[in-house]
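Number 169 in the working numbering belongs to position 169 of the sequence shown; there are no gaps in the numbering.
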Amino acid sequence: MKSIISLLFALSSGLLVSVPALAAGGGQLYPDDPANIKLTNTAALQHGAKLYVNYCLGCHTMEYQRWSRLAEDLQLSDDAVMDNLVFGEQKIGDTMTNTMPAAYAANWFGTQPPDLTLVVRSRGEDWVYNYLRAFYKDESRPYGVNNTVFPDVGMPHVLAPLQGTQILTDDLSAGGHLELVEEGSLSAGEYDESIRDLVAFMAYTAEPMKLKRESLGLKVIIFLLLFGAVAWFLKKEYWKDIH
Ligand code: HEC
């Protein structure tokens, strides 16, 4: 019986191990902090969705994500989603698109902002997490900012009001680092936490089934533990008169 219990434990802990997403693209990542997202934290996903709609959706569509599915998975009512997240003429059954004409976008930014439904799958959650924390002041760029994770990126630092202004003290190769020189409305810790929520939301859209899998995995583990306990007591009961 003992061996069966330890087998159950081994099986259940195996379910907890997930393969970390590999960051796409070569080169050293800086900053290089783990995103540490928790897909089981529904409040964080809701906060991330709100940030996404307010700061990102204007440029980046999510063509593969439906509002109705978002409502269901993030435990929001359809009305709450329509009132708080959907702007304009869209209906609850529509996908998360915007009204920016592609030709204009290419003109404004030199390139069309890509759809981000699957970006966490292509880039990895750590890459996206660090990218959104890596903008720094660079007057030589069209929008006055550059990015250590994505050099010469065509995206403005839309979250600057929250994060504030960073500078890069020296070339990265010369040991330079990012330094906050002007505070935004959030503290550094709060900003990181918000980005974590935002990335968690994008990780969800990249793989909606993962949400179900993770909560199912937890239930399976709880079941196995309870079942293991029952089996153990039964065994004690059966054998108690024999010794
Ligand atoms: C004003 C328009 C605009 C807004 C708003 C905006 N972006 Fe971008 N973003 C861009 C453009 C343009 C690019 C493409 C940059 C390039 O290829 O040089 C980009 C690129 C990206 C990329 C890299 C995609 C890839 O794999 O190459 C990510 C990730 C990203 N944005 C996330 C976000 C997030 C998250 C938000 C909201 C906080 C956001 N963006 C808001 C314009 C925008």
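C-beta: ideal position from N, C-alpha, C; glycine also.
The beta carbons of T42 and Q65 sit no closer together than 7 Å.
Taken atom to atom, the span from the alpha-carbon of E214 to that of L51 is near 23 Å.
Closest in C-alpha terms to D170, from the list Y143, L159, K137 and E183, comes K137. Put simply, the stretch 122-140 does not touch the stretch 85-97. Fewer than three CB pairs are less than 8 Å apart.
For V181, the distance from the CB to the nearest heavy atom of ligand 1 is not below 6 Å. Inter-segment contact for the stretch 188-195 and the stretch 55-70 is absent: fewer than three beta-carbon pairs are separated by less than 8 Å. Counting only runs that start and end inside the stretch 137-203, the alpha helix (DSSP H) elements of at least 4 residues fall at 160-163. Following the DSSP letters along the chain, one finds E63 inside the beta strand (DSSP E) bounded by residues M62 to R66.
Relative to the non-hydrogen atoms of ligand 1, the Cβ of V149 never comes closer than 6 Å to any of them. For M100, the three-state secondary structure derived from DSSP is coil.
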